[in-house]
Amino acid sequence: MIKTAKKYNLQFTGLSISNDILLQMPIWGHRGVNQGRFAKIRKKHGIKCLRENHKTTTVQSIIRIAQRATTVPGKPHRINPSGIGRKICGCPPCRRDRVELGCKHNGRCVEAAKALLDCLYPKWNPLTPRCDHCEYTTLEDEEQERIVDVGYDKETALTFDPSFRLTDFAHGFRIFASEE
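See below:
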């Protein structure tokens, strides 16, 4: 199956991809990674720890770690607002990582997760604001209900749904795709 996928250049792509799908994407071997930037951080200790100790597999798991030491509006990082760069952070998630996962330097892992997110191109980064205007192209709820209620026959006029945002992971795979 992999041989056939390579032969026909199977790619995951879409004009506009929903944040739900972007969060589900695997982080290791991600299609939207800037290889030049990733080559610079690939050998960092934090990257190895994220993969081996933290067992991160998706973009969402990396975001969870990267945002750990950021200040949430009205709520600074728990217990230790300056957790970045410190070997022993006192917050519960960092403490759990040390005890249960064997992470020796939480600050490096947080910084490595941020660097990994910075390697993603804006189209593939769920933290980048979307400017594709898909929210303006969808049908109104009444129009969608009318299409479902009426059904389809040759005499019924169908309303074209101009929404092109990819919302199902399986619908994003294309064959004969360009490397883009």
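Residue 168 in UniProt numbering sits at position 168 of the sequence shown, with consecutive numbering throughout. Yeah, the Cβ is synthetic: ideal placement off N, Cα and C, and Gly gets one too.
Query	Result
Answer yes if the region 103-120 comes into contact with the region 33-41, meaning at least three C-beta pairs across the two stretches below 8 Å, and no otherwise.	yes
Using CA atoms only, rank isn't needed, just tell me which of ILE63, CYS103 and GLY102 is closest to MET25.	ILE63
Is PHE173 closer than 8 Å to LEU15 when the C-beta atoms are compared?	no
Contact check, ALA113 vs ALA170 under 8 Å by CB: the rounded distance?	With a Cβ gap of about 28 Å, ALA113 and ALA170 do not count as contacting.
Nearest-angstrom Cα distance between ASN125 and VAL99?	31 Å
Does any CB atom of chain D fall closer than 8 Å to the CB of ILE17?	Included in the structure is just one protein chain, with no chain D present.
Below 8 Å CB to CB, which residues in the same chain sit around GLY102 once its five sequence neighbours on both sides are set aside?	ASN53
So is THR71 buried or exposed if we call it buried at 16+ other beta carbons inside 10 Å?	The pLDDT assigned to THR71 is 44, lower than 50, so where the model puts this residue is not dependable; a value taken from the coordinates is nonetheless given after this. Exposed: under 16 other Cβ atoms inside 10 Å.
Residues in the same chain with beta-carbon distance under 7 Å from VAL59, minus the five sequence neighbours each way, listed in chain order, please.	LEU22, LEU23, MET25, ILE27 and PRO126
Please list, in chain order, all residues of the same chain as ILE17 whose beta carbon is under 8 Å from its beta carbon, the five residues on each side excluded.	LYS123, TRP124, ARG165, LEU166 and GLY172
Start and end of the alpha helix (DSSP H) containing LYS55?	Note, LYS55: premise wrong, no alpha helix (DSSP H); not H, not E.
What ranges does the alpha helix (DSSP H) occupy inside the region 10-52, keeping only unbroken runs of at least 4 residues that lie completely in it?	19-24, 35-41 and 45-52
Around the C-beta of THR56, are 16 or more other C-beta atoms found within 10 angstroms, so that it is buried, or is it exposed?	buried
Taking the DSSP output, what are the residues bridged to LEU120?	VAL33
Suppose you measure from the CA of LYS7 to the CA of GLY107; what does that come to, to the nearest Å?	42 Å
Do PHE12 and ARG42 have their C-beta atoms within less than 8 Å of each other?	no
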